[in-house]
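Notes follow once the structure below has been shown.
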């Protein structure tokens, strides 16, 4: 076994492969066959046919790109003009959102009215898209290291203590960013902003804190259990409250949620609590993405 | 005449060109990371097209004041803004799933080239077959 | 306003072309982040501040971060091969 | 608002809620909850079908929220949607029951709650698309289906599944991007997203002949987008890997439910948004016919060539999707009816083939190549028989639903112009012959005299019951074909 090990490695030296000393056998075999295979078939340098096909391939892709663009442009040519008032888009649907949005939805941000009150079913689907993505990434990346403990990944990122500048910066910035994210969520129905953007800003604050103080300190108050609990309660609250408003709406029952005085924080009926729920889901998901990508464990 | 229309509708024309570039990057580029960036460009091109439909020159953002005194005619169309908000979050979720798939694939096959991955997966599959026999 | 919008659109198209032409993945990710920031400006010019905040926080912020993390992890897997071989 | 009209809304919200619940429950609890919810919604769908199935009953709309349709969202349920509300939960329940041992085995046991939560989201998206009356709502739930189906493929994290998952994601994202661009262009031309209002303004546009180029491009974009996602022939390169490289319940769910959701959306867009004469105007139906013919032939040819059992079943579903698109291409009325009928038959029989095939594979020592499967059916005569029923229905032998759909397709082809009729009948005959070839060969191998050691696997009653239910579905689709066809034609007439 010793001599063919050298032969394999000599073959792939110009691939800047490492000078392997003695690895454990299982890892060695998998490791070698991969290097061996990689360099055998795809080195474009010597293989001129491969280089030629690369050139043809590149020219073909430019042609396809130009073709698709031209066809679509040719079709788009006679669409309604940009920024004109008489476009078919300005019809009775958008007119009602603008005119009666404040009375019916209660939010001064008419886009928030439309998202969380008129077309609430889309946004319910929307936060479930985010939940699907979080579950998919969880399935894919969780335990990426724990299974192959001796896999290179485990030894790849030694826990270097974060440098003091980052720690000092984080101590000053984290609370401010968290506050700003909370502000965006709470004022989602009064001005631009809302659950999605506010949640992402809060997620960024959590990411900064984790990066500065390390996952152990972060794990004390935000572990996988809290992640699961928060996203469960937020999504369950969102689905139940929207189910209530759909049910009362469809069966023409009066809904007990009042719109409150426009402009006040506690106005716009369900829009504020829904923004808070969406904010928490987005915050947990964004932090979860970061944690899963970095360490394979929340 | 065509060029003049294109110049007038230049936001929509730019969106369509970006969509074409993004689509072909997604389809024809071999590197996984480039594919994901191409997909993200394709999506933001469609949202740029959608948002430019709702724009009315001279109108302001649809934020009513507390007393409701601003006239309804002074706002732009809120529907595209709402739809694009949904779309941006869809685009981020899909990017996150694709990136995690890329990391898993790289950890398993040590390459970012999709052709190589499919080739290695087929070979790995035959090895499993022989292992079973 | 017209000139600024035209300029931004040209930058957007240049970004897309540059991503296709660059060899380095890190450069591609940085161009992706720049693209999101330019889109933020375009949303502001199209009078939709809601989209600007969301694109800035969710588009430029988190997805670019995920791109850099994915690249860091891929390099970690590469270095991992070197590290584990030099370990013993 | 009658009480039973709340069933569609209730089942969608229940699935969304149980997606969140399943992710926090322990594996056993999540399994019980998922099965209970699927059973409940199956019963609700059956009740809805009983009420809406009567001839002359009209479809009703359910206002999601306090505002009527063009402003708020709305879901609309008719006879066809009620039929789907029975089919979708039923097939998924059978897939989860029969695929349970593979799910909770080995290191995947701790990840089963996430798997079930994804299945709940997939079912919520399927039902919302079947009921929805708004194009952008369809896009959002289409995106949920793409992501959750992609996660179902890569559940096992094996090399093959990951590669198949990536190819699936790349091509499906192209498909949903094209669909979204079609929806956005439609909104630009008409200012509406609600299907009825879109129909009215599109008829007005077609009358004045305005935007003719854009309308053709929009129909082409939506058709190509949804064809990519439902693995029609030229865009099917991702399908054989995606349908055959994961746990058996994922294979069954993907090939029998996910691609069906997209075809139904295409049917709804043709019937309710464009209207068949606008589609004829844009010549897209000829495109669909050519793709369908090619798919039926090359799908069966590839199924013959492949040397592995599960991949053969996956390739045959590419051919069967060609049959369904043949029905869509043959046009409103008879063509749609044949497409929906074959969609029901294929959904039941494909799930049955994958699930019972997995049992046969396990009893033959888990290898996928035909050489090792010799005599597998003798070791498991029950599953062997069930697999044979599924194979007969796809070949189209009497007493199975497949025969009815082939007769419908043939009958509908005769009503078309001679060249289309001749080619369709020739392709139907040729592909049936090819089907006979590869299914007969497999059955001969399965039923060949058993020489190896007969390792009689454990017969789980639940799994057996599930496969039996699917086989019953195939037989029912033959014996009760007439009432089923009436319900489908009633549903289609309510569609537009």
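Protein chains in written order, with the numbering used here: chain A, 1 to 298; chain B, 1 to 133; chain C, 1 to 88; chain D, 1 to 496.
Note that the Cβ used here is the ideal one computed from N, Cα and C, for glycine as well.
- The beta carbon of residue 88(D) lies closer than 7 Å to those of 123, 126, 127 and 257 in the same chain, with the five residues before and after it left out.
- Within its own chain, the residues whose Cβ lies closer than 6 Å to the Cβ of residue 78(D), once the five positions on either side in sequence are excluded, are 59, 491 and 494, listed in chain order.
- In terms of beta-carbon proximity, residue 183(D) stays away from the interface with chain B, with every pair separated by 7 Å or more.
- The residues 282 and 286, in chain order, have a CB closer than 7 Å to that of residue 200(A) in the same chain once the five nearest residues on each side in sequence are set aside.
- Nearest to residue 13(B) by alpha-carbon distance, out of 125(B), 72(B), 108(B) and 52(B), is 52(B).
- Around the beta carbon of residue 232(A), a 10 Å sphere encloses 16 or more other beta carbons of the protein chains shown; the residue is thus reported as buried.
- Note on residue 70(A): under 16 other CB atoms within 10 angstroms of its CB, so exposed under the neighbour-count rule.
- In this structure, the straight-line span from the alpha carbon of residue 48(C) to that of residue 81(B) is close to 6 Å.
- In the displayed model, residue 83(A) falls within a strand according to three-state DSSP.
- Between residue 11(C) and residue 38(C), the gap from beta carbon to beta carbon is short of 7 Å.
- Put simply, the backbone Cα of residue 181(D) is about 11 Å away from that of residue 139(D).
- Residue 104(B) belongs to the set of residues whose beta carbon lies under 7 Å from a beta carbon in chain A.
- The distance from the Cβ of residue 34(B) to that of residue 52(C) is about 27 Å, inconsistent with a contact at the 8 Å cut-off.
- In the three-state DSSP reduction, residue 265(A) falls in the coil class, being neither helix nor strand.
- Of the candidates 197(A), 91(A) and 110(A), the residue whose Cα lies closest to the Cα of residue 54(C) is 197(A).
- In the structure shown, the three-state DSSP call for residue 1(D) is coil.
- The beta carbon of residue 443(D) lies closer than 7 Å to those of 388 and 391 in the same chain, with the five residues before and after it left out.
- For residue 155(D), no alpha helix (DSSP H) segment is defined, and its DSSP state is neither H nor E.
- Neighbours of residue 204(A) in chain C, taken as residues whose beta carbon is under 9 Å from its own, are 57, 61, 62 and 65 in chain order.
- Annotation: the stretch 256 to 283 of chain D contains the following complete segments of the alpha helix (DSSP H) (minimum length 4 residues), in chain order: 259 to 268 and 276 to 281.
- The DSSP-derived three-state label of residue 61(D) is strand.
- Distance from residue 222(A) to residue 235(A) at the Cβ level is roughly 18 Å; contact not present, criterion being Cβ atoms closer than 8 Å.
- Residue-level contact check: residue 114(A) does not touch chain C, since none of the beta carbons of chain C fall below 7 Å from its beta carbon.
- Selection 300(D), 215(D), 267(D) and 130(D) evaluated against residue 240(D) yields 300(D) as nearest (Cα-Cα).
- By the Cβ rule, the stretch 39 to 57 of chain B does not count as touching the stretch 104 to 124 of chain A, because fewer than three pairs are nearer than 8 Å.
- Between residue 161(D) and residue 246(D) the beta-carbon gap is near 5 Å, inside 8 Å, which marks them as a contact.
- Between residue 292(A) and residue 298(A), the alpha-carbon positions lie close to 6 Å from each other.
- Here residue 75(B) is bridged, per DSSP, to 60(B).
- Shown here, residue 77(D) sits in a strand according to DSSP, grouped into three states.
- Within chain A, no residue has its beta carbon less than 9 Å from that of residue 360(D); the closest one is some 28 Å off.
- Annotation for residue 368(D): no alpha helix (DSSP H) segment contains it, and DSSP assigns it neither H nor E.
- At a C-beta separation below 7 Å, residue 106(A) has no neighbours in chain C, since its nearest C-beta there lies roughly 17 Å away.
- The C-beta separation of residue 84(B) from residue 47(B) comes to about 4 Å, placing the pair in contact by the 8 Å criterion.
- Residue 9(B) sits in coil when the DSSP states are folded into three classes, being neither helix nor strand.
- Counting of Cβ neighbours within 10 angstroms places residue 60(A) among the exposed residues, the total staying below 16.
- Between the stretch 180 to 199 of chain D and the stretch 80 to 91 of chain A, the count of C-beta pairs closer than 8 Å reaches three or more; the two stretches touch.
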